[in-house]
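Reading through the structure tokens given below for one structure.
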Amino acid sequence: MAEKNTCIHVLHLIVIILVGIIMIGTVAGLIKASAKQNEIAEEVPPIILQKEDALYGEIGRLRISSADSPPISVIVTPFLQYAKADIALQEELIRKKEILKKVIISWFEKKNAVQLSTFPPDKIKKLLLEELNKQLVLGKIKGIYFEELTLLN
């Protein structure tokens with residue numbers, strides 16, 4: 001009987017130690033993950049707009065197939081920078097939302113994974129900006145920003 005009680009005490013002690021190790025590991029993991037999130041957030045420079053600029057983000061998140069065979073998915077969430085005071089351009093952006101969306105989709109559909117992964121982001125923005133501005137008559141977009149630009153296999 002004494003051996004049985006000793007065995008139970010040893011088992012309780014092992015369970016307590018295991019629970020303690022799990023709790024310490026969980027807390028350490030949460031602290032490390034939190035620090036890593038802050039580190040990533042600091043690496044991405046924020047979009048710095050002039051007071052006279054605004055962003056048009058109604059195009060939303062797009063999932064586009066690349067020119068590859070088989071195609072890969074490109075996820076893109078564009079924001080278009082324009083002069084805040086240019087009400088005519090803002091209205092044109094709203095009116096031509098679907099056209100602008102089709103231009104973006106068409107542009108990415110013509111590119112393969114190698115092109116998209118090797119083009120610097122600034123080159124993608126410049127080329128896409130040229131195509132978008134061809135659709136506008138009342139003004140020009142100043143810049144394009146991507147909240148998300150991801151290639152998925």
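The numbers in UniProt numbering rise by one with no breaks, and the one at position 40 of the sequence shown is 40. For glycine and all other residues, C-beta sits at the position ideal for the given N, C-alpha and C. In this text the structure is predicted, and so the values were computed from the model without any measurement.
Pairwise C-alpha distance: residue j and residue i
| i | j | result |
| --- | --- | --- |
| residue 120 | residue 149 | 12 Å |
| residue 126 | residue 118 | 15 Å |
| residue 113 | residue 147 | 19 Å |
| residue 143 | residue 136 | 14 Å |
| residue 133 | residue 58 | 17 Å |
| residue 10 | residue 17 | 11 Å |
| residue 52 | residue 90 | 13 Å |
| residue 55 | residue 61 | 15 Å |
| residue 145 | residue 26 | 37 Å |
| residue 71 | residue 82 | 33 Å |
| residue 123 | residue 104 | 14 Å |
| residue 15 | residue 23 | 12 Å |
| residue 102 | residue 20 | 56 Å |
| residue 109 | residue 128 | 12 Å |
| residue 13 | residue 7 | 10 Å |
| residue 41 | residue 5 | Because the pLDDT of residue 41 is 40, which lies under 50, any placement of that residue in the model is unreliable, and the question is left without a value. |
| residue 98 | residue 116 | 23 Å |
Limits of the beta strand (DSSP E) - the one that residue i falls within
| i | result |
| --- | --- |
| residue 75 | 73 to 83 |
| residue 64 | 62 to 65 |
| residue 53 | 53 to 56 |
Which listed residue (the options) has its alpha carbon closest to that of residue i
| i | options | result |
| --- | --- | --- |
| residue 96 | 108, 80, 85 | 80 |
| residue 199 | 138, 50, 4 | Outside the shown range of the chain (1 to 153) lies residue 199, about which nothing can therefore be said. |
| residue 130 | 107, 111, 23 | 107 |
| residue 100 | 141, 53, 14 | 141 |
| residue 153 | 15, 66, 25, 94 | 66 |
| residue 111 | 14, 68, 63 | 68 |
| residue 50 | 20, 84, 19, 23 | 84 |
| residue 151 | 13, 63, 4 | 63 |
Range of the contiguous alpha helix (DSSP H) that encloses residue i
| i | result |
| --- | --- |
| residue 88 | 87 to 95 |
Closer than 8 Å: residue i CB and nearest the ligand SAM heavy atom
| i | result |
| --- | --- |
| residue 51 | This structure simply doesn't include the ligand SAM, nor any ligand for that matter. |
Ranges of the alpha helix (DSSP H) found wholly within the segment 112 to 145, counting only runs of at least 4: Segments of the alpha helix (DSSP H) lying fully in the segment 112 to 145: 113 to 118, 121 to 133.
Cβ pair count under 8 Å reaching 3, the segment 23 to 31 against the segment 67 to 85: At 8 Å Cβ cutoff, the stretches do not touch.
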